[in-house]
Amino acid sequence: MKFKTEIKPYHAAAGGLGSLKSTTRFVFESKQILKNMRNLLRVNQAKGFDCPGCAWGDDNKSTFSFCENGAKAVTWEATRRIVDGSFFAEHSVARLAQQSDYYLEYQGRLVEPLRYNQQTDHYEPISWDEAFSLIASHIRHMSTPDEMALYTSGRASNEASWLYQLFGRMVGTNNFPDCSNMCHEASGVGLKRSIGVGKGTIRLADFDQADAIFVFGQNPGTNHPRMLHSLRHAADNGASIVTFNTLRERGLERFADPQKPLELLTPKSGMISSAYYQPKLGGDMAAVRGMVKALLETDRQLRAEKQRGLFDDAFIAQHTTGVDDWLAAVEATTWEAIVMQSGLSEAQIREAAGIYQRAERVICTWAMGITQHKHSVDTVREITNLQLLFGQLGKPGAGLCPVRGHSNVQGNRTMGIDEKPSAAFLAALEQHFDFAAPQTAGYNTVEAIEAMMQDKVKVLIALGGNLAAAAPDSPRTAAAMQRCELLVHISTKMNRSHLLPAQRDTLILPTLGRTEADIQSGGPQFITVEDSFSMVHASEGLNPPLATTQRSETAIVAGIAHATLGSEKVDWLGLAADYNRIRDHIAATIPGFHDFNARCEAPGGFYLGNAAAELRFNTPGNKAAFSAASLPEHLFPQRAQQAPFTLQTLRSHDQYNTTIYGLDDRYRGVYGQREVLFINAQDIDALGFQAGDEVDIETLWDDGITRRVERFKLVPYAIPRGNLAAYYPETNPLVPLNSFGDGSGTPTSKSIPVSLQLSRNTPSLRIA
Ligand SMILES: Nc1nc2c(c(=O)[nH]1)N[C@H]1C(S)=C(S)[C@@H](COP(=O)(O)OP(=O)(O)OC[C@H]3O[C@@H](n4cnc5c(=O)[nH]c(N)nc54)[C@H](O)[C@@H]3O)O[C@H]1N2
Ligand SMILES: Nc1nc2c(c(=O)[nH]1)N[C@H]1C(S)=C(S)[C@@H](COP(=O)(O)OP(=O)(O)OC[C@H]3O[C@@H](n4cnc5c(=O)[nH]c(N)nc54)[C@H](O)[C@@H]3O)O[C@H]1N2
Ligand SMILES: [Mo]
Numbered sequence: 000m001k002f003k004t005e006i007k008p009y010h011a012a013a014g015g016l017g018s019l020k021s022t023t024r025f026v027f028e029s030k031q032i033l034k035n036m037r038n039l040l041r042v043n044q045a046k047g048f049d050c051p052g053c054a055w056g057d058d059n060k061s062t063f064s065f066c067e068n069g070a071k072a073v074t075w076e077a078t079r080r081i082v083d084g085s086f087f088a089e090h091s092v093a094r095l096a097q098q099s100d101y102y103l104e105y106q107g108r109l110v111e112p113l114r115y116n117q118q119t120d121h122y123e124p125i126s127w128d129e130a131f132s133l134i135a136s137h138i139r140h141m142s143t144p145d146e147m148a149l150y151t152s153g154r155a156s157n158e159a160s161w162l163y164q165l166f167g168r169m170v171g172t173n174n175f176p177d178c179s180n181m182c183h184e185a186s187g188v189g190l191k192r193s194i195g196v197g198k199g200t201i202r203l204a205d206f207d208q209a210d211a212i213f214v215f216g217q218n219p220g221t222n223h224p225r226m227l228h229s230l231r232h233a234a235d236n237g238a239s240i241v242t243f244n245t246l247r248e249r250g251l252e253r254f255a256d257p258q259k260p261l262e263l264l265t266p267k268s269g270m271i272s273s274a275y276y277q278p279k280l281g282g283d284m285a286a287v288r289g290m291v292k293a294l295l296e297t298d299r300q301l302r303a304e305k306q307r308g309l310f311d312d313a314f315i316a317q318h319t320t321g322v323d324d325w326l327a328a329v330e331a332t333t334w335e336a337i338v339m340q341s342g343l344s345e346a347q348i349r350e351a352a353g354i355y356q357r358a359e360r361v362i363c364t365w366a367m368g369i370t371q372h373k374h375s376v377d378t379v380r381e382i383t384n385l386q387l388l389f390g391q392l393g394k395p396g397a398g399l400c401p402v403r404g405h406s407n408v409q410g411n412r413t414m415g416i417d418e419k420p421s422a423a424f425l426a427a428l429e430q431h432f433d434f435a436a437p438q439t440a441g442y443n444t445v446e447a448i449e450a451m452m453q454d455k456v457k458v459l460i461a462l463g464g465n466l467a468a469a470a471p472d473s474p475r476t477a478a479a480m481q482r483c484e485l486l487v488h489i490s491t492k493m494n495r496s497h498l499l500p501a502q503r504d505t506l507i508l509p510t511l512g513r514t515e516a517d518i519q520s521g522g523p524q525f526i527t528v529e530d531s532f533s534m535v536h537a538s539e540g541l542n543p544p545l546a547t548t549q550r551s552e553t554a555i556v557a558g559i560a561h562a563t564l565g566s567e568k569v570d571w572l573g574l575a576a577d578y579n580r581i582r583d584h585i586a587a588t589i590p591g592f593h594d595f596n597a598r599c600e601a602p603g604g605f606y607l608g609n610a611a612a613e614l615r616f617n618t619p620g621n622k623a624a625f626s627a628a629s630l631p632e633h634l635f636p637q638r639a640q641q642a643p644f645t646l647q648t649l650r651s652h653d654q655y656n657t658t659i660y661g662l663d664d665r666y667r668g669v670y671g672q673r674e675v676l677f678i679n680a681q682d683i684d685a686l687g688f689q690a691g692d693e694v695d696i697e698t699l700w701d702d703g704i705t706r707r708v709e710r711f712k713l714v715p716y717a718i719p720r721g722n723l724a725a726y727y728p729e730t731n732p733l734v735p736l737n738s739f740g741d742g743s744g745t746p747t748s749k750s751i752p753v754s755l756q757l758s759r760n761t762p763s764l765r766i767a
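Heads up: the sequence shown at position 80 corresponds to 79 in numbering that gives the first Met the number 0, and the numbers run straight through without jumps.
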């Protein structure tokens with residue numbers, strides 16, 4: 000495949016005609032025009048399927064509830080191309096391994112179970128029963144249950160993931176690494192410590208009542224496009240939108256609603272951010288601390304003048320602990336440190352503080368720009384501290400909003416996909432099913448990869464996802480996976496992870512997607528998911544599956560469990576025949592799910608509730624806890640502190656994590672290519688390089704391992720000096736496996752210490 004490459008800055012509003020054009024192009028190029036138009040009309044409707052694109056909520060009011068990138072996710076799944084036994088007879092694994100990620104997924108949907116043949120280096124069809132018995136026999140031969148790890152990617156339904164965790168725990172392990180370990184883990188950990196619940200406290204409607212919305216470290220124009228509607232609406236109602244983002248991101252500047260024809264014609268439409276700050280990578284904790292330092296001054300002044308300060312004293316006294324320690328830590332932090340670490344000026348920080356101070360109701364949202372650093376838990380808690388100081392919890396139009404990624408990643412956790420389950424949850428399972436659940440914590444994603452390296456984990460089953468490409472240190476992760484005895488991939492499409500055969504057996508099990516009808520012996524089934532706002536709702540596909548040999552995720556998990564454990568304690572196959580029965584068990588074992596089946600009937604689903612939003616804090620002291628952490632002294636080990644640049648790895652507009660839909664990143668002006676490196680123009684000059692030069696990027700770390708990617712084209716961009724950005728997953732080889740967040744274990748994908756060298760034979764015409 001050849002693509003025209005071009006760099007052409009984008010000046011229009013995000014959304015708008017460009018978005019409409021791109022949506023139509025993807026629908027038409029899918030060659031499934033009618034099916035896809037019908038699909039799009041059923042996205043996020045009361046009767047239809049949940050958009051697999053992201054975890055943003057739905058208002059259930061509009062007829063069209065999808066966005067350009069949701070449309071890509073849907074059309075990508077609904078292809079007619081198939082990858083079956085005859086495809087693999089033609090292509091050896093070694094040959095496929097040389098292809099790009101884009102090529103691999105583009106080949107189409109997996110339609111029959113496959114087993115890798117080591118002699119021929121080809122995958123070959125295998126029956127479902129044989130596949131299940133093979134898995135069961137590997138599991139039975141393990142010397143301890145902890146030799147198995149069960150990975151989950153956040154698209155799996157509540158029903159499939161609940162069944163999966165029950166299976167794992169009945170085998171005897173809590174080894175549930177998941178995509179969340181690489182994603183919002185720091186939000187869960189930080190919020191749990193601060194307010195007792197690891198989820199956001201607001202509901203979608205709160206956006207309509209906010210006076211100010213602070214958006215930290217996220218790019219909704221690409222990754223949560225429907226969030227732009229909420230921001231835009233709030234801005235039109237007079238709310239201040241304040242953005243903290245290392246890069247200038249088009250979607251956070253201007254947005255025209257592609258579903259409102261008038262806006263497409265008004266060129267100046269859609270201001271989003273009223274203030275836009277570009278902190279250095281990892282600088283947000285310092286920026287928030289600076290805001291509080293400024294607000295503290297005002298508070299002290301006011302108190303001196305009229306007894307009453309700026310903060311919500313009543314809220315603090317009644318609902319929180321630890322404010323004095325934290326404010327002492329704020330006072331002890333110098334402006335010098337704040338300015339140096341945030342990369343923002345004192346004046347900018349004071350300005351942001353002023354906007355915050357004038358707003359009665361404030362929402363803070365965030366995503367990967369906050370969670371993928373070493374000090375992410377502390378940063379999440381610093382944002383929470385700020386909100387607590389002003390009593391921004393428990394009132395409409397205000398609160399905390401970690402914006403989740405995968406469409407059901409929040410639901411997976413609720414269902415018990417958690418390597419550190421609570422004692423109460425395990426007790427509920429034990430009581431309901433009369434078995435002894437494993438009590439020790441299992442491996443998270445990084446730990447599971449390390450355990451594979453050390454031959455402690457020998458069986459890896461993956462319910463979705465693409466671990467080999469999504470995980471850090473990809474060549475080392477790949478080698479670790481290949482040390483396993485058995486690898487099982489439950490997938491919709493072929494990806495990099497499938498091309499890494501294990502020591503003994505490797506299986507690919509083809510599954511149905513969200514858009515497809517799921518008919519079991521008990522009749523047509525629906526599944527449920529939970530969005531970022533704790534709304535649980537049903538999702539039902541409509542398209543006939545491509546082949547009768549594909550199975551639902553739930554049926555596959557039940558098949559594995561039945562073959563491994565038999566059906567004495569749990570009638571696995573009976574559960575897979577009728578998902579209502581699974582929901583009855585969920586109702587009995589997970590808090591908040593009483594009358595689950597009946598409540599699925601409500602249009603739009605039901606709200607799980609959030610104790611912290613009702614000012615009930617499930618913390619040791621039953622109060623919200625201010626955190627008094629100091630700013631990190633260093634983000635890197637010693638040798639890495641010499642690195643001239645810090646690199647973040649992020650998503651382009653044409654990708655879904657490791658799934659590459661196309662090679663354009665429209666809002667950043669990049670076309671037909673992905674091996675680009677965004678850099679400040681002054682840094683290009685200082686290096687003596689030129690825009691368009693190709694460079695090799697190398698990580699500076701302290702373990703002697705060379706981590707390097709080659710030939711990335713320099714693209715000048717609005718980014719602080721010393722900071723760089725490039726796309727994931729191409730840059731995953733640069734992220735050291737042992738570089739992860741304190742308390743979260745999340746790979747530090749947004750701060751990697753690197754240096755640059757001109758690539759050999761760079762076709763640059765300049766004379767150096
Ligand atoms: N179309 C599409 N939708 C998706 C996905 C996708 O790949 N494609 N992925 C889904 C998933 S799993 C997730 S987790 C979400 C991810 O959603 P995002 O978090 O928006 O994803 P990233 O592309 O990683 O973008 C990180 C953003 O944070 C900024 N940033 C990085 N570091 C810092 C920092 O230190 N400080 C500040 N202030 N800003 C910083 C970057 O410039 C960038 O704008 O999206 C979900 N939705
Ligand atoms: N460097 C760097 N690394 C990162 C990140 C980063 O920002 N930078 N982000 C991290 C984040 S936030 C995340 S969430 C992870 C994502 O990690 P993963 O969730 O593991 O990766 P995905 O790319 O979302 O998985 C794509 C694969 O899922 C399968 N799939 C798609 N739909 C379905 C389905 O309905 N059912 C099943 N069973 N399979 C399906 C397809 O086979 C597809 O190839 O990556 C992390 N890695
Ligand atoms: Mo994610």
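Glycine included, each C-beta is placed from N, C-alpha and C at the ideal position.
Please find out if some non-hydrogen atom of ligand 1 comes closer than 7 Å to the beta-carbon of residue i.
{"i": "Asp283", "result": "yes"}
{"i": "Leu246", "result": "yes"}
{"i": "Asp340", "result": "Correcting the residue identity first, residue 340 is Gln in this sequence and not Asp. No; taking the cut-off as 7 Å, the Cβ of Gln340 has no heavy atom of ligand 1 nearer than that."}
{"i": "Asn222", "result": "yes"}
{"i": "Cys400", "result": "no"}
{"i": "Gly197", "result": "no"}
{"i": "Lys749", "result": "yes"}
Evaluate residue i with the Cβ neighbour count: other Cβ atoms within 10 Å of its Cβ, from every protein chain shown; 16 or more gives buried, anything less gives exposed.
{"i": "Thr698", "result": "buried"}
{"i": "Ile678", "result": "buried"}
{"i": "Pro266", "result": "Because the pLDDT at Pro266 is just 47, under 50, the model does not fix this residue reliably, and the point stays unresolved."}
{"i": "Ser520", "result": "exposed"}
{"i": "Thr705", "result": "exposed"}
{"i": "Leu764", "result": "Legend: pLDDT at Leu764 = 44, less than 50; position of this residue unreliable, no value from coordinates given."}
Please determine whether the Cβ atom of residue i lies at a distance below 7 Å from any heavy atom of ligand 3.
{"i": "His140", "result": "no"}
{"i": "Cys53", "result": "no"}
{"i": "Cys50", "result": "no"}
{"i": "Gly404", "result": "yes"}
{"i": "Cys66", "result": "no"}
{"i": "Cys363", "result": "no"}
{"i": "Cys178", "result": "yes"}
Whole angstroms are fine: how far does the CA of residue j sit from the CA of residue i?
{"i": "His536", "j": "Tyr163", "result": "20 Å"}
{"i": "Gly187", "j": "Pro420", "result": "13 Å"}
{"i": "Phe63", "j": "Arg403", "result": "Low confidence applies here, because Phe63 scores a pLDDT of 48, under 50, leaving its location unreliable; read the following figure in that light. Distance between the alpha carbons of Phe63 and Arg403: 22 Å."}
{"i": "Ala13", "j": "Gly269", "result": "9 Å"}
{"i": "Gln453", "j": "Cys483", "result": "10 Å"}
{"i": "Val458", "j": "Thr527", "result": "28 Å"}
{"i": "Ser142", "j": "Val487", "result": "19 Å"}
{"i": "Thr588", "j": "Leu399", "result": "27 Å"}
{"i": "Leu676", "j": "Ala685", "result": "16 Å"}
{"i": "Ala681", "j": "Arg720", "result": "The sequence shown places Gln at residue 681, rather than the Ala named in the question. When rounded, the distance between both Cα atoms is 7 Å."}
{"i": "Ser344", "j": "Ala286", "result": "9 Å"}
{"i": "Gly237", "j": "Phe635", "result": "41 Å"}
Below 8 Å on the Cβ atoms is my contact criterion, and I expect residue i with residue j to pass it. Report the Cβ-Cβ distance as a whole number of Å.
{"i": "Thr370", "j": "Ala185", "result": "4 Å"}
{"i": "Pro176", "j": "Glu418", "result": "6 Å"}
{"i": "Gly522", "j": "Ile489", "result": "Gly522 to Ile489, Cβ: 23 Å. No contact."}
{"i": "Ala397", "j": "Gly216", "result": "Actually they are not in contact, since the Cβ atoms of Ala397 and Gly216 sit about 20 Å apart, beyond 8 Å."}
Flag residue i as yes when its Cβ comes closer than 7 Å to any non-hydrogen atom of ligand 2, and as no otherwise.
{"i": "Val734", "result": "yes"}
Of all the alpha helix (DSSP H) runs that stay within the bounds of the region 666–728, which reach a length of 4 or more residues?
680–686
Suppose only complete runs of 4+ residues qualify. What are the alpha helix (DSSP H) ranges in the region 433–480, listed by chain order?
444–452, 466–469
Which runs of the beta strand (DSSP E), 3 residues or longer, sit entirely within the region 40–124?
113–116, 121–124
Could I get the ranges of all uninterrupted alpha helix (DSSP H) runs contained in the region 305–366, with 4 residues as the minimum, in chain order?
312–318, 322–331, 334–341, 345–357
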